[in-house]
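*Asks:* Before we start, here is the structure in question, set down as structure tokens.
There are 2 protein chains.
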Amino acid sequence: MARRLSVQPDGPVRLAKPDSLSERIYADLRERLQHCDIGPDDRIVDTEIAVAYGTSRMPVREALLRLANEGYLVGTTRGFMVPRLSLEDIGDIFEVRRLLEPRAAANAARDLDAQTAKALKAAIEEARAAARADDVDRLIAANIRFRAAWLGAVRNARLANTIARFVDHVQTVRLGTLRDPVTRKVVADGLEGLYDAFVRRDPVAAADRMSTFMAAAEQAFFSVRKAELEREDGSPPPSSRNAALAEDRA
Amino acid sequence: MARRLSVQPDGPVRLAKPDSLSERIYADLRERLQHCDIGPDDRIVDTEIAVAYGTSRMPVREALLRLANEGYLVGTTRGFMVPRLSLEDIGDIFEVRRLLEPRAAANAARDLDAQTAKALKAAIEEARAAARADDVDRLIAANIRFRAAWLGAVRNARLANTIARFVDHVQTVRLGTLRDPVTRKVVADGLEGLYDAFVRRDPVAAADRMSTFMAAAEQAFFSVRKAELEREDGSPPPSSRNAALAEDRA
DNA sequence: AACCCGAATACCGTATACAGTTTGAACCGA
DNA sequence: TCGGTTCAAACTGTATACGGTATTCGGGTT
């Protein structure tokens, strides 16, 4: 129970004092990354951000290192950047998401409480309104809220956090996907189907719909990113960040 | 290919200069955590480690924060500790592992190259030797090598790293499990079965055997940890660190 | 005009310093 | 002997400082 409560508010791990400067800056930057307020073309340098927050480099540096460690940023020799995802990256991320999210959705459907149901309802209504208004930014925000809501019902915090992180990583591309009206329809339908399964507390349906939604999303992300890359035709960035993101274990 | 190469050596993300002090200290501490050289009873304080390495607090602090962020450590008000896993924690970790590892093993079996096969062979022979000699430490080391080897054949770096992290988290308990002769037999058999599937490059068998191995392992870990907790009878630590590890997303 | 080379610059990693806060313990009273 | 109070030590988080390195820009050469 204490666990559930602390899952609600926001960031991954509360490493130390929750109200420390590093924590606040981290949370702030992460939110901006989720909403694509910071894009792959912005150079991110600690000194710069430090003056913006009126602090020294250290807390900013800690926040940036943490974001880089979590895959939100990649470190270059000169500052940080939002990674430009290759098609392989997208495939990799979705391979993990396909494995995790259907099960997580089933768990959420099983354990859904009234409060979460309410949050889910608010999110889907916001999404509908945004769709009617053709407001992409608002649709993104509603999407984030919807996801946060159902992930909040997942009791397994490690599972939920892992999912959240990988979803965030493809967020950059999502902005592109939601510009396309067809994709927007796919997302809207997927959300409705999921919402239905959740409120009916039907784990099987939730898992199934998450699976199909997942497949559609991967397709959409993939083709949007492919078009983006082809528009840049040459091939300046596509492979560079691959090495930087490559990870390993002992 | 550049990707495969950089997957080989060791740590999660190369945030900056690969040979920086923070990196080295991080890698060093992580390895010691993997091998249970640092246990749940040790208090971990940056100043202390700093003098041991002959550096200032800063690089150590960065390494510790990173380990905490990855779940290897938990921050207390006074230094860091290795988390004492509750039974729920173990259940949570294995829920994720059950979802990811069978698929990853299948991929590894499909993509296995000669070099990895050799590493795998060396690891399993080491494990056999360790089992014959009843050398628990050596068996642990062989286990780690075996896992590192097959994970090295997983092309999807994000998948492989996620798995590696969660496996490491239950490492503390593994020391306890391998003390039990029955469990040792289970592990030995599981490893043999996996090895067989890998060298036959049979993805289906690899996935199946990983699934059954996973179930057996969870059972073993669970009962060992339960016995440990009951031996401590009262209930001083079991819930405390739960809150500290609780994570969330916005 | 293109290229190469060197100096200035920008940024990173680490060290040192300091203030705030928590912990543990000694000390005192019952 | 035990419980409460105060004080010192310990540890964290942030600031500032400094050396090293890589990048970039300007000047000189072919």
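Chains A and B, in that order, give the protein sequences.
Numbering-wise (the numbering used here), the first sequence opens with residue 1 and increments by one.
Numbering-wise (the numbering used here), the second sequence opens with residue 1001 and increments by one.
All residues carry an ideal CB built from backbone N, CA and C; glycine is no exception.
Just the Cα atoms here: how many angstroms apart are residue 170(A) and residue 115(A)?
*Replies:* Roughly 28 Å between the two C-alpha positions.
*Asks:* Near residue 96(A), which residues of its chain fall below 6 Å by C-beta distance, leaving aside the five closest residues on each side in sequence?
*Replies:* The answer, listed in chain order, is 166.
*Asks:* Use the C-beta contact count for residue 1089(B): other C-beta atoms within 10 angstroms, 16 or more gives buried, fewer gives exposed.
*Replies:* Residue 1089(B) comes out buried.
*Asks:* So residue 44(A) packs on residue 1158(B), CB below 8 Å; how close in whole Å?
*Replies:* So it is not a contact: roughly 22 Å between Cβ atoms.
*Asks:* Can residue 1073(B) and residue 103(A) be called in contact, C-beta distance under 7 Å?
*Replies:* No.
*Asks:* How would you label residue 1152(B), buried or exposed, when you count the other beta carbons within 10 angstroms and need 16 or more for buried?
*Replies:* With 16 or more Cβ atoms within 10 Å of its Cβ, residue 1152(B) is classed as buried.
*Asks:* In whole angstroms, what separates the C-alpha of residue 1019(B) from that of residue 155(A)?
*Replies:* Going by the C-alpha atoms only, they are around 39 Å apart.
*Asks:* Run through chain B and tell me which residues come within less than 8 Å of residue 96(A), C-beta to C-beta.
*Replies:* Residues of chain B passing the Cβ test: 1100, 1156, 1158, 1159, 1162.
*Asks:* Whose Cβ in chain B lies nearer than 8 Å to the Cβ of residue 103(A)?
*Replies:* Simply 1095, 1099.
*Asks:* If you compare alpha carbons, which of 1182(B), 1147(B), 1055(B), 1176(B) is closest to residue 1105(B)?
*Replies:* Of the listed residues, the one whose Cα sits closest to residue 1105(B) is 1147(B).
*Asks:* Which one or two residues does DSSP pair with residue 1074(B) in a beta bridge?
*Replies:* Bridge partners of residue 1074(B): 1081(B).
*Asks:* Is residue 1197(B) near residue 1122(B), with beta carbons less than 7 Å apart?
*Replies:* No. Outside cutoff.
*Asks:* Measuring only between beta-carbons, confirm whether residue 238(A) sits less than 7 Å from chain B.
*Replies:* Any reading at residue 238(A) must be qualified, since the residue scores a pLDDT of 39, below 50, and its modelled position is unreliable; the value itself is stated next. So, not an interface residue.
*Asks:* Would you call the CB atoms of residue 183(A) and residue 215(A) closer than 7 Å?
*Replies:* No; because the gap between Cβ atoms is not below 7 Å, this pair is not in contact.
*Asks:* Starting from residue 92(A), find everything on chain B with Cβ-Cβ shorter than 9 Å and list it in chain order.
*Replies:* By Cβ distance, chain B contributes 1155, 1156, 1157, 1158, 1159.
*Asks:* Is it right to say residue 113(A) is buried, meaning 16 or more other beta carbons lie within 10 angstroms of its own, or is it exposed?
*Replies:* By the neighbour-count rule (16 or more Cβ atoms within 10 Å), residue 113(A) is not buried but exposed.
*Asks:* Where are the alpha helix (DSSP H) runs, 4 residues long or more, that stay fully inside the stretch 1105-1137 of chain B, in chain order?
*Replies:* Entirely contained in the stretch 1105-1137 of chain B, the alpha helix (DSSP H) runs reaching 4 residues are, in chain order, 1114-1132.
*Asks:* Inspect the beta-carbon positions of residue 46(A) and residue 57(A) and report whether they are closer than 7 Å.
*Replies:* For residue 46(A) and residue 57(A), yes; Cβs fall inside 7 Å.
*Asks:* List the residues of chain A whose Cβ lies closer than 7 Å to the Cβ of residue 1218(B), in chain order.
*Replies:* Residues of chain A passing the Cβ test: none, with the nearest at roughly 14 Å.
*Asks:* Taking Cβ positions, are residue 1066(B) and residue 143(A) nearer each other than 7 Å?
*Replies:* For residue 1066(B) and residue 143(A), no; Cβs fall outside 7 Å.
*Asks:* Which of the three DSSP states, helix, strand or coil, is assigned to residue 1044(B)?
*Replies:* Residue 1044(B) falls in the strand class under three-state DSSP.
*Asks:* Can you list, in chain order, the residues of its chain with a C-beta nearer than 7 Å to that of residue 1021(B)? Leave out the 5 residues immediately preceding and following it.
*Replies:* 1055, 1059.
*Asks:* Determine the contact status of residue 1101(B) and residue 1140(B), defining contact as a CB-CB distance below 7 Å.
*Replies:* No, these two residues do not count as a Cβ contact at 7 Å.
*Asks:* I want to check one thing, is the minimum distance from the CB of residue 1183(B) to the heavy atoms of the ligand MN below 6 Å?
*Replies:* This structure does not include the ligand MN; it has no bound ligands of any sort.
*Asks:* According to DSSP, simplified to helix, strand and coil, what is residue 1055(B)?
*Replies:* Of the three classes helix, strand and coil, the one that applies to residue 1055(B) here is coil, per DSSP.
*Asks:* Cβ closer than 9 Å: which chain B residues qualify as neighbours of residue 126(A)?
*Replies:* Correct list: empty, because the minimum Cβ distance to chain B is about 16 Å.
*Asks:* Give the residues of chain B in contact with residue 62(A), contact being defined as C-beta atoms less than 8 Å apart.
*Replies:* Residues of chain B passing the Cβ test: 1062, 1065.
*Asks:* Helix, strand or coil, according to DSSP, for residue 193(A) in the structure here?
*Replies:* Correct three-state label for residue 193(A): helix.
*Asks:* What are the uninterrupted segments assigned as beta strand (DSSP E) that are 3 or more residues long and contained completely in the stretch 149-199 of chain A, given in chain order?
*Replies:* If we require 3 residues or more, the stretch 149-199 of chain A turns out to have no beta strand (DSSP E) run fully inside it.
*Asks:* Using the Cα positions of residue 1080(B) and residue 1064(B), report the straight-line distance between them to the nearest angstrom.
*Replies:* Approximately 8 Å between the Cα atoms of the pair.
*Asks:* Where does residue 1203(B) sit, in a helix, a strand or coil, going by DSSP?
*Replies:* Helix, per DSSP.
*Asks:* Since residue 982(B) and residue 1225(B) should fall inside the 8 Å C-beta cutoff, what is the C-beta to C-beta distance between them, to a whole number of angstroms?
*Replies:* This structure leaves residue 982(B) out entirely; chain B is present only between 1001 and 1250.
*Asks:* Using only CA atoms, which one of 1228(B), 1212(B), 1172(B) lies nearest to residue 1035(B)?
*Replies:* Per the Cα distances, 1172(B).
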